[in-house]
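To convert, take the position in the sequence shown, counting from 1, and add 748; that gives the working numbering.
Okay, so here's the structure we're looking at.
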Amino acid sequence: VADDASVANAGGWRGWAPWVVLGLFGLMVLAALRPAKAKSEYDYVAFGKLPILQDGRIKPLDSVGRNALLVISGQQWIPIEGNGPQGSWGDLIELHKKHEGRGLYFKKFYQFLKHPKKLHPTEWLMEVLMKPEIADQRFIFRVDHPRLLEELKLGNLGVDQSGLRFYSLNQLRSHVIRLDEQSNH
């Protein structure tokens, strides 16, 4: 009779539990294989897969945007949220307007619980092509050469990130034009 009870227990949860675990693992694998959903009004993931010929090679647009950002700013993503002068958190473009572009900084080391929104390289490339007036306000240009900073007289404009300063095209435009005029005389 004891043998019959042990056979009955073997058919209980111990019999079906491994199958449940295997089924959950299979669902996780299938979920990971799904294509990424676009989080914006445009499907930037699909746009990033479009092929383009650059420097004699066919590349996806995502690689073009990623490489351009690496050259311009030394990073692959563009932070779009940060801190104002008094520590107010928000969209960097709005904070720039509110504080006249001064005293802005990205996340500080002690703000480890904050996760600023970032712009994907393909989203940035789409913005450059389709909404240049917004792209010109993004803080992507890293200027860190002391002599150039002195010549451009940028002061504390831009956004600070661990001692490096990033500027928008709108911030640099008038300074670069003035520098160009000085070099032509």
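For every residue, glycine included, the Cβ atom is placed at its ideal position computed from N, Cα and C.
Remember, it's a predicted structure, so these values are computed and weren't measured experimentally.
Environment of residue i [buried if 16+ CB atoms lie within 10 Å]
i	result
residue 874	buried
residue 809	buried
residue 872	buried
residue 779	exposed
residue 932	exposed
residue 768	exposed
residue 930	exposed
residue 857	exposed
residue 796	buried
residue 922	exposed
residue 782	exposed
residue 836	exposed
residue 883	buried
beta-carbon residue i near the ligand MN non-hydrogen atom, thresh 8 Å
i	result
residue 774	Of the ligands one can find in the structure shown there are none, so the ligand MN has no counterpart to examine.
Same chain, Cβ closer than 6 Å to residue i, five either side skipped, listed in chain order
i	result
residue 850	904
residue 867	826 and 828
residue 862	855
Contact set for residue i: own chain, Cβ-Cβ below 8 Å, skip 5 residues either direction
i	result
residue 817	823, 824, 825, 826, 869, 872 and 888
residue 864	827, 828, 829, 830, 854 and 855
Contact belief for residue i with residue j at Cβ below 8 Å, rounded distance in angstroms
i	j	result
residue 918	residue 885	6 Å
residue 852	residue 907	4 Å
Neighbourhood of residue i by C-beta, 7 Å cutoff - its chain only, sequence neighbours within 5 removed
i	result
residue 842	none
residue 839	828 and 829
residue 814	824 and 869
Are the segment 900-909 and the segment 872-880 touching by the rule of at least three beta carbon pairs closer than 8 Å? no
Quick check: the segment 909-921 against the segment 886-897, are at least 3 beta-carbon pairs closer than 8 Å? yes
Ignoring anything shorter than 3 residues, give me the beta strand (DSSP E) runs that lie fully in the segment 793-844, in order along the chain. 799-802, 805-808, 829-831 and 837-839
Would you list, in sequence order, the uninterrupted alpha helix (DSSP H) runs of no fewer than 4 residues that lie entirely inside the segment 867-899? 869-878 and 880-883
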